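In UniProt numbering, the protein residues as written are 1 to 393.
Report on the following structure.
Below you can see the structure in the form of structure tokens.
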């Protein structure tokens, strides 16, 4: 007699998982010492690392928001910063809050990068643990050649999609930051952002959650190992229980550490994670804004209204037409133009599945037809007029 198997229950494979009893994890707050209590939260991260947050992950996250200051930035338990918090033996920060300090006086407060569009890639200056992971990976000769036909999280071989680490709709940021140097393509017609350096294989459902910036990949421990880090849970609570701190299956040697770190920054600076500093302020904020014309960061003071406007538009599904700036203040005028014209693309939508010539063999005709039927765009986003004249006066 044919034996039938019971219904599958993949989340049930975790012995401690129960949807009815799943609870929100505790939070670790990272504060700006230059702002008063109630106005100082830079980041609030779920304490998923054994009741705390990984030291190196937190340092890299706070450092990039401060303008890539992980080399001289440090944590302290008090606002004055007289005593720094060293990396614990187990690498986990377990106190409910820490101040993130930079050298120098607290007044004026050090400026903060408000959006991914203003963040600059730190060429030749990745955080030490990321550099160490890249060196170890190169020394051990990660799998080369074509991307393996399996999900790097689940090891599934079916229902796969190619996931961009930095979405193709961020191609302007990619070019302005000279990221093509890390993604050399073999075909003249290929866009470097669609090259193997910026692509990993994920199961379709995980790809969707990945594109919603719930998690990314970070190195942890010493020697470093690349694992999943969950920044935002899902309504069921399954995501951190099933995937947080899971080691990845082997990834191709073609995947660039620079693209992995860019994905980390794109995740941290999403409006669902960097979600308090801009919208919750009742006082002006000092911000680091990138000037394309001058090719440097400019420190500007933004009113609370402008900060909320920037954060609100970061969550927008599509760009808004620019209207005339109403503020008489020069900084507010710049921020008003930026706020109304730019959005953090990719926050709500799916990543595009570009026809780049590398992965056509991975999808059969039926699968390619399915991709087109689902309406995924194959057109590159063009730089808008508003983006081009952001800092033109």
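The beta carbon of each residue, even a glycine, is placed where N, CA and C say it ideally should be.
For clarity, every value in this text was computed on a predicted model and none was experimentally measured.
Per DSSP, the beta bridge partners of residue 216 are 229. When Cβ pairs closer than 8 Å are counted between the two stretches, the segment 94-108 is seen to touch the segment 31-38, the count reaching three or more. Take residue 204, set aside five residues on each side of it, and the residues of its chain with a beta-carbon closer than 6 Å to its own are 159 and 161, in chain order.
By the CB criterion at 8 Å, residue 45 and residue 60 fall outside the cutoff. The C-alpha of residue 87 is placed about 29 Å away from the C-alpha of residue 165. Within the DSSP secondary-structure output, residue 163 pairs in a beta bridge with 200. Between residue 116 and residue 155, the alpha-carbon positions lie close to 31 Å from each other. Under the three-state reduction of DSSP, residue 140 is assigned to coil, being neither helix nor strand.
Secondary structure note for residue 304: its alpha helix (DSSP H) is the uninterrupted segment 304-314.
In the three-state reduction of the DSSP assignment, residue 256 falls in the coil class.
Here the alpha carbons of residue 180 and residue 277 stand approximately 32 Å from one another. Residue burial annotation: residue 207 is buried, with at least 16 other C-beta atoms found within 10 angstroms of its C-beta. Sorting 43, 64, 139 and 56 by C-alpha distance to the C-alpha of residue 97 places 43 at the top.
Just so you know, the alpha carbons of residue 169 and residue 183 end up roughly 16 Å apart.
Residue 245 and residue 227 have their alpha carbons spaced roughly 5 Å apart.
In the three-state reduction of the DSSP assignment, residue 244 falls in the coil class.
Between residue 284 and residue 301, the C-beta spacing is below 8 Å. Taking 8 Å as the cut-off, the beta carbon of residue 27 is found closer than this to the beta carbon of residue 47. Contact annotation: residue 248 and residue 217 have beta-carbon atoms nearer than 8 Å. Straight across, the Cα-Cα distance linking residue 125 with residue 3 is about 59 Å.
Residue 152 and residue 243 have their C-alpha atoms spaced approximately 12 Å apart. Within the DSSP secondary-structure output, residue 46 pairs in a beta bridge with 27. Within the segment 73-142, the beta strand (DSSP E) runs of at least 3 residues that lie entirely inside it are, in chain order, 74-76 and 97-101. When DSSP states are grouped into helix, strand and coil, residue 52 belongs to the strand group.
Under the three-state reduction of DSSP, residue 263 is assigned to helix. Membership of residue 174 in the alpha helix (DSSP H) is indicated by the continuous run 171-176.
By the Cβ neighbour-count rule, residue 230 is buried, with 16 or more other Cβ atoms within 10 Å of its own. In the DSSP secondary-structure assignment, residue 300 is bridged to 287. The secondary-structure analysis by DSSP pairs residue 41 across a beta bridge with 31. Residue 279 sits in coil when the DSSP states are folded into three classes, being neither helix nor strand.
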